[in-house]
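Chains R and D supply the protein sequences, listed in that same order. Numbered according to this note's numbering, the first sequence spans residues 1 to 548. Numbered according to this note's numbering, the second sequence spans residues 1001 to 1548. A virtual CB, placed ideally from N, CA and C, is assigned to each residue, including glycine. Computed from a predicted model, the values in this text were never measured in an experiment.
There are 2 protein chains.
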Amino acid sequence: RNEKLRRRIQQVGEYWKTHTQEEWYGFKIALAMVLSSIPVLVGPLYDYFGVNSLWLTISVIIIYEPAVGSLLSKGLQRLAGTTLAIVLSLICAQLAEASGRGEVYVIPVLLFLGSFVLGFLRQVWPLKKKYDYTALITIITFGLLTLSEYRIHAGPRLAGLRMLLIVMGFVVAVGTNLVIKPKFAGKDLHQMVSDHFSRIAVSLDACVQTYLAGTRAVELQKLLDGSEPEDEVHEGYRTVILAKGDEDLLHDLVIWEPPHGQFGFKYPWDLYKDISRVCRHCMYSIVAMDACLRSEIQCPVHLRELLARPMTRLAEEAVKALKAMGESVSEMKVVNLRPFLSAVEAAALDLQKELQEKTMSLIIPTPETDRWIESYLDEDDERSKASMSSSKARRSAVTESAEGKRASTEDDEFVEFSFPIMHVEEGLDDVYPHTDSYGHQSRVTPERSILQSTPSDLQERHRPSVELTYLEPIPPSRQGSLVDRISRRSSSRQIMVPVPGGIAVLSLVQFVCTLVEFAAKLNLLVNCVNNLSERAGFTDDGKIRSRR
Amino acid sequence: RNEKLRRRIQQVGEYWKTHTQEEWYGFKIALAMVLSSIPVLVGPLYDYFGVNSLWLTISVIIIYEPAVGSLLSKGLQRLAGTTLAIVLSLICAQLAEASGRGEVYVIPVLLFLGSFVLGFLRQVWPLKKKYDYTALITIITFGLLTLSEYRIHAGPRLAGLRMLLIVMGFVVAVGTNLVIKPKFAGKDLHQMVSDHFSRIAVSLDACVQTYLAGTRAVELQKLLDGSEPEDEVHEGYRTVILAKGDEDLLHDLVIWEPPHGQFGFKYPWDLYKDISRVCRHCMYSIVAMDACLRSEIQCPVHLRELLARPMTRLAEEAVKALKAMGESVSEMKVVNLRPFLSAVEAAALDLQKELQEKTMSLIIPTPETDRWIESYLDEDDERSKASMSSSKARRSAVTESAEGKRASTEDDEFVEFSFPIMHVEEGLDDVYPHTDSYGHQSRVTPERSILQSTPSDLQERHRPSVELTYLEPIPPSRQGSLVDRISRRSSSRQIMVPVPGGIAVLSLVQFVCTLVEFAAKLNLLVNCVNNLSERAGFTDDGKIRSRR
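Here you go:
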């Protein structure tokens, strides 16, 4: 019991230590609250301000956002809105007074007209997107001042007092928030965009590694039943591509922030948009590579291994270049990116040359290739079983979601990587040609599918096979033996003349092409980084040694 | 002058007609403002409520968001926050009173502690994400009530009055907003997700059409200089993939909305997330196809035409299926999607068969193929010029952005489709093999590049060429003539033995494979739509005949 208590205390202590940012915010808002309560608590001040001094608290707390950018944005919009409202309400007060006795009827009409115009404008660009808070404050203050003028007849004095209190609130809020451990949206944006580089690097590395290891089926299954929640490729894809919304929000805040830290007066924040745009496009290439990983058309692993060295090399060089760029942006120092880019280019050329040299080995079947076909066919059987069980898992997942027991939204991106499985209901032929992933065509009798699949499984399962026949002659010595061996092995399956390479190689070439395409995109990224480096005036030793 | 004035009036009239939604919002907020001013304007009521009646106006207007979901969310959070704050402030008042003389010192301490805890909690999940407004209102009201208790000593009566006014404000706001032309976030979300289907259809159609038409270069250039802002593929990609942020916001609001229109009590809004997730993945396939359009490896157009019929057929069937799904979701009616899916599957099989049959025609060179090579080489020259001018355009764009004169953020996605152009600084060979997009290898002497490019252009320009040599023998009859013809034509270029098919066909096969992959994904989408149709209880004739 004592042990339990101690562990609990330890947990709380750890939570406390890891949440300093939240604690500082709490401290700052508490301090602002106490400061804003002074006019109420101190006698002479209260005598001057009266009940209105309570407005100060509202003014301070309502704009007290954690990030400097949002605080300033809200505060300045509040000032602008109040000013505008004061002008409007003074006009209304004049009009109301001029109407004499009819004042009580004129005021609602004026309120209606004013609110209508302001409400309409609030919904119109650009107020709706960026200055919604200004419009809101204008409407509220306009109504408030017009109505209180009718009852209290304080004249401009009240409006002036309100303005004074709002200004004081603004000063208190900005003062405490800027002086004590300020949290800048710009820093967050900088961090977010800098992190893209390592995200891409990790995803790329994982993608190439997985492809070379040939662990397709495992990955797919793990993703389907959600047993591997931290897939690096998808985490990267989520954080880079889908970060756009968050980035846009930060961009909106950043423009309000004063120069701070290394981010000078006219820091080129807009270039961060360019960078993350290119980053997104790099990520699309990785998503396309990822699609190769999960495609039904798979190149034999031993053929992938023929290009393992240059592929790994290109991936490594690309990762190095990405890390260098990430370092340059993150630490704001000038890094000569040319050597990295040259290394990537050399590696890309190397990969292309290697592909060129290995074309023959890829196309001509070898004993290894034959063995792979056999094992792939075995694996195929296993996979059809796995697909059965995974489709069961999927069905149970659907049931679960039907019961409203959805997994947390955080990992909702994982389900979507289930590979499309299509069911051909009306097979155009009774015996339709079936191409396995190595491009070897077989005639699959419908009975086989039915025998190996449960009906419900069959409904969900169909491989979108690309049927291609390469008609080049095959060395006769190979031809017979392969057909013989496979025919002997499997009675339920009728293998047609195995054709070399073709489709299977396609998959490898496609992957390699996408990889090269990715490498080419790095050039664009380097341009962006260099552009930023130049316009932001990065220095050789890095302006910032250690941020946070 | 009279003419001008009339046109101006006409413009205003048209603007008025097309912005009914904004006008209704203006009307509703104005009405709410007038209603909320009654306690101030009507004598007896003012006698009862006093100055506090001004709070009603604040309460009404501050939560008066256009969408019902956000109004209810803000209103209920305001109620919850106020309730919580009243409890806290009553406790504080007790403590302060108990301290007697020390009250003026105890109150700031209590304020500090309370604000610190509330401020800390405000930054912690899940308050930060979803209930930020509750936390804000709690802090403000807590401070306000504690301070006014110190000065006014109104006791629970003030808190009760404040609560009453907030409830009244809530009723007024919800009443006017729900009764008159309500604007539901759910409807927006429904519209947004329904629109995805047609977006995908349009993008797919545009992608396949463009590919078959072979209008690559034009597209690229147009995109580079931004002369074609409404590219359907990219508009679709932006609105479908990058809509996630907006959708998440709407999902947050939708949970607050009461049943309305066809959206019943437990309408399965979470399934919309599944649908747009699969939609995003369909879009990724289209982005991959789009990459084929802009890739340096291009299949000759006449070879693409060999598969034009089945490709167009598959695209058409997919578009039909997408439209049917869109109709089903948008009009909330049960549509039997199986026939559409079967048609897509048949078209996919047809395409694959056709590809299989045409393989020989793809691989063996024909006079047409030869002609294409020549014209491609011509085009190549033109393109290198175009690339020069476009790189100039890009540079001028960079300069512009350097001057801060960026184009509006709306079209910032277009620039990113510039194809990566890489510069090889250290060519590994003096004369490195250059493969044109048709897979014909040429030896490009470095002089050629330098001759044809300005130095600044050279710095930005390099085609990431995939170098592959197909070593199969070529019919000798063709070999000579082609080489002769091309060698005669161009003196600065040395064409190596042209090799058939290979890389160029790869591009076509890659495109076709992605198209088939896309078609396979439709099955997943159909599952999602069927799931929604079932759980939402769509009817045969459509629950809604015409929305808006």
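| message | Between the stretch 308-318 of chain R and the stretch 513-523 of chain R, can you find at least three pairs of beta-carbon atoms closer than 8 Å? | response | yes
| query | Of all Cβ atoms in chain D, is any one closer than 8 Å to the Cβ of L90 of chain R? | reply | Taking the first sequence and counting its residues from 1, the one referred to as residue 90 of chain R is at position 90. For L90 of chain R, the answer is no, since every Cβ of chain D falls outside 8 Å of its Cβ.
| So, helix, strand or coil for F142 of chain R, using DSSP? | Here the question's residue 142 of chain R lines up with position 142 in the first sequence. F142 of chain R carries a helical assignment under DSSP once its states are collapsed to helix, strand and coil.
| task | Indicate the three-state DSSP secondary structure (helix, strand or coil) for H196 of chain R in the structure shown. | result | What you label residue 196 of chain R is simply residue 196 of the first sequence in a count that begins at 1. Annotated three-state conformation of H196 of chain R is helix, per DSSP.
| said: How far does the alpha helix (DSSP H) with K1130 of chain D in it extend, from its first residue to its last? | reply: Along the second sequence, one-based indexing puts residue 1130 of chain D at 130. For K1130 of chain D, the enclosing alpha helix (DSSP H) covers residues L1127 to K1130.
| Own chain residues within Cβ distance below 8 Å of D1541 of chain D, not counting five before or after | As a first step, residue 1541 of chain D is located in the second sequence; it is residue number 541 there, counting from the start. Excluding residues within five positions, the ones whose Cβ falls inside 8 Å are K1333.
| Thinking C-beta only, is A185 of chain R closer than 8 Å to A67 of chain R? | The residue given as residue 67 of chain R occupies position 67 in the first sequence. The residue given as residue 185 of chain R occupies position 185 in the first sequence. Their beta carbons are under 8 Å apart, which means A67 of chain R touches A185 of chain R by this criterion.
| message | Comparing C-alpha positions only, which one of R:P44, R:G169, R:G143 and R:V124 sits nearest to K74 of chain R? | response | Along the first sequence, one-based indexing puts residue 74 of chain R at 74. Ranking the options by Cα distance to K74 of chain R, first place goes to R:G169.
| request: Find the residues of chain D that neighbour T57 of chain R, judging by a C-beta separation of less than 8 Å, and give them in chain order. | output: By 1-based counting over the first sequence, the position of residue 57 of chain R is 57. Result: I1140, G1143, L1144 and L1147.
| task | Within its chain, find whatever has a CB closer than 6 Å to the CB of R122 of chain R; leave out the 5 residues flanking it on each side and keep chain order. | result | The count along the first sequence starts at 1 and reaches residue 122 of chain R at position 122. Within the same chain, R122 of chain R has close Cβ partners A135.
| task | Ignoring anything shorter than 4 residues or poking outside the stretch 1059-1096 of chain D, list the alpha helix (DSSP H) runs there in chain order. | result | Here no run is fully enclosed.
| Cβ pair T1176 of chain D, L1076 of chain D closer than 8 Å | For the purposes of this step, residue 1176 of chain D is taken as residue 176 along the second sequence, with counting starting at 1. For the purposes of this step, residue 1076 of chain D is taken as residue 76 along the second sequence, with counting starting at 1. No, the Cβ-Cβ distance between T1176 of chain D and L1076 of chain D is not below 8 Å.
| message | Can you give me the C-alpha to C-alpha distance between Y1131 of chain D and T1082 of chain D, rounded to a whole angstrom? | response | Translated into positions along the second sequence, residue 1131 of chain D becomes position 131. Translated into positions along the second sequence, residue 1082 of chain D becomes position 82. Cα to Cα, the separation comes out at about 13 Å.
| said: Is the separation between the beta-carbon of N531 of chain R and that of L337 of chain R shorter than 8 Å? | reply: Within the first sequence, numbered from 1, the residue matching residue 531 of chain R stands at position 531. Within the first sequence, numbered from 1, the residue matching residue 337 of chain R stands at position 337. Not in contact: N531 of chain R and L337 of chain R (Cβ atoms no closer than 8 Å).
| The alpha helix (DSSP H) spanning M1163 of chain D covers which residue range? | The residue you call residue 1163 of chain D lines up with position 163 of the second sequence. Where M1163 of chain D is concerned, the enclosing alpha helix (DSSP H) stretches over P1156 to V1179.
| message | Let's test the definition: count the other Cβ atoms within 10 Å of the Cβ of G143 of chain R and tell me whether it reaches 16, buried, or not, exposed. | response | Position 143 of the first sequence, counted from the first residue, corresponds to residue 143 of chain R. Its Cβ being crowded by 16 or more others within 10 Å, G143 of chain R is buried.
| query | So L1118 of chain D packs on L1095 of chain D, CB below 8 Å; how close in whole Å? | reply | Within the second sequence, numbered from 1, the residue matching residue 1118 of chain D stands at position 118. Within the second sequence, numbered from 1, the residue matching residue 1095 of chain D stands at position 95. A Cβ-Cβ separation of about 16 Å leaves L1118 of chain D out of contact with L1095 of chain D under the 8 Å criterion.
| query | Per DSSP, K333 of chain R forms a beta bridge with which residues? | reply | Translated into positions along the first sequence, residue 333 of chain R becomes position 333. According to DSSP, K333 of chain R bridges with R:T539.
| said: I'd like the span of the alpha helix (DSSP H) that includes S996 of chain D, first residue to last. | reply: Lying outside 1001 to 1548, the shown extent of chain D, residue 996 of chain D is not represented and no answer is given.
| task | Determine the extent of the alpha helix (DSSP H) in which P258 of chain R is found, giving its start and end residues. | result | As a working note, residue 258 of chain R is residue 258 in the first sequence. That residue, P258 of chain R, is in no alpha helix (DSSP H); it is neither H nor E in DSSP.
| said: I'd like the list of long-range same chain contacts for S115 of chain R, defined as Cβ closer than 8 Å, with 5 residues on each side in sequence excluded. | reply: Within the first sequence, the letter at position 115 stands for residue 115 of chain R. Excluding sequence neighbours, S115 of chain R sits near I139, F142 and G143.
| message | For V1042 of chain D, report the span of its alpha helix (DSSP H) as first-last. | response | Here residue 1042 of chain D refers to the residue found at position 42 of the second sequence. Segment: none, V1042 of chain D is in no alpha helix (DSSP H) and carries neither H nor E.
| said: Tell me the rounded alpha-carbon separation between S70 of chain R and H281 of chain R. | reply: Reading the first sequence from its first residue, position 70 is the one you call residue 70 of chain R. Reading the first sequence from its first residue, position 281 is the one you call residue 281 of chain R. The C-alpha of S70 of chain R lies about 30 Å from the C-alpha of H281 of chain R.
| query | Of all the residues that make up the stretch 1024-1051 of chain D, which are near chain R by a beta-carbon distance shorter than 7 Å? | reply | Y1025, G1026, F1027, I1029, A1030, M1033, V1034, S1037, V1040, L1041 and Y1046
| query | So, does the CB of A288 of chain R fall closer than 8 Å to a CB anywhere in chain D? | reply | Position 288 of the first sequence, counted from the start, is the residue given in the question as residue 288 of chain R. Look at A288 of chain R: its C-beta is under 8 Å from a C-beta on chain D.
| said: Any beta carbon of chain R sitting closer than 8 Å to that of Y1150 of chain D? | reply: Residue 1150 of chain D sits at position 150 when you count from the first residue of the second sequence. Yes, contact with chain R.
| request: Output yes if chain D places a C-beta closer than 8 Å to the C-beta of Y284 of chain R; else output no. | output: For the purposes of this step, residue 284 of chain R is taken as the residue at position 284 of the first sequence. Closer than 8 Å to some Cβ of chain D, the Cβ of Y284 of chain R qualifies, so yes.
| query | What residues from chain R crowd round F1538 of chain D, counting only those whose CB sits closer than 8 Å? | reply | In the second sequence, counting from the first residue as 1, residue 1538 of chain D sits at position 538. Under the 8 Å cutoff, chain R gives no residues; its nearest Cβ is about 15 Å from F1538 of chain D.
| request: Check whether the Cβ atoms of S1089 of chain D and T1146 of chain D sit closer than 8 Å, and answer yes or no. | output: On the second sequence, position 89 is the one that residue 1089 of chain D refers to. On the second sequence, position 146 is the one that residue 1146 of chain D refers to. Contact flag set, yes.
| query | What residues from chain R crowd round F1112 of chain D, counting only those whose CB sits closer than 8 Å? | reply | For the purposes of this step, residue 1112 of chain D is taken as the residue at position 112 of the second sequence. A30, L31, M33 and V34, listed in chain order.
| Mapping DSSP to helix, strand and coil, what is K1183 of chain D? | Position 183 of the second sequence holds residue 1183 of chain D. Strand, per DSSP.
| task | With a cut-off of 8 Å on the beta carbons, I'd call W269 of chain R and L72 of chain R a contact; round off their distance for me. | result | Numbered from 1 along the first sequence, position 269 holds the residue referred to as residue 269 of chain R. Numbered from 1 along the first sequence, position 72 holds the residue referred to as residue 72 of chain R. About 15 Å separates the two Cβ atoms, so there is no contact after all.
| message | Measuring alpha carbon to alpha carbon, tell me which residue in R:E65, R:I61 and R:W125 is nearest F1624 of chain D. | response | This structure does not reach residue 1624 of chain D, given that chain D is present from 1001 up to 1548, and the question cannot be answered.
| query | Under three-state DSSP, which class holds F1263 of chain D? | reply | Counting from one through the second sequence, the residue named residue 1263 of chain D turns up at place 263. If DSSP states are grouped into helix, strand and coil, F1263 of chain D belongs with the strands.
| query | Counting pairs of beta carbons, one from the stretch 1518-1527 of chain D and one from the stretch 1340-1354 of chain D, are three or more of them closer than 8 Å? | reply | yes
| query | Which of the three DSSP states, helix, strand or coil, is assigned to S1053 of chain D? | reply | Within the second sequence, numbered from 1, the residue matching residue 1053 of chain D stands at position 53. The answer is helix: DSSP assigns S1053 of chain D an H, G or I state.
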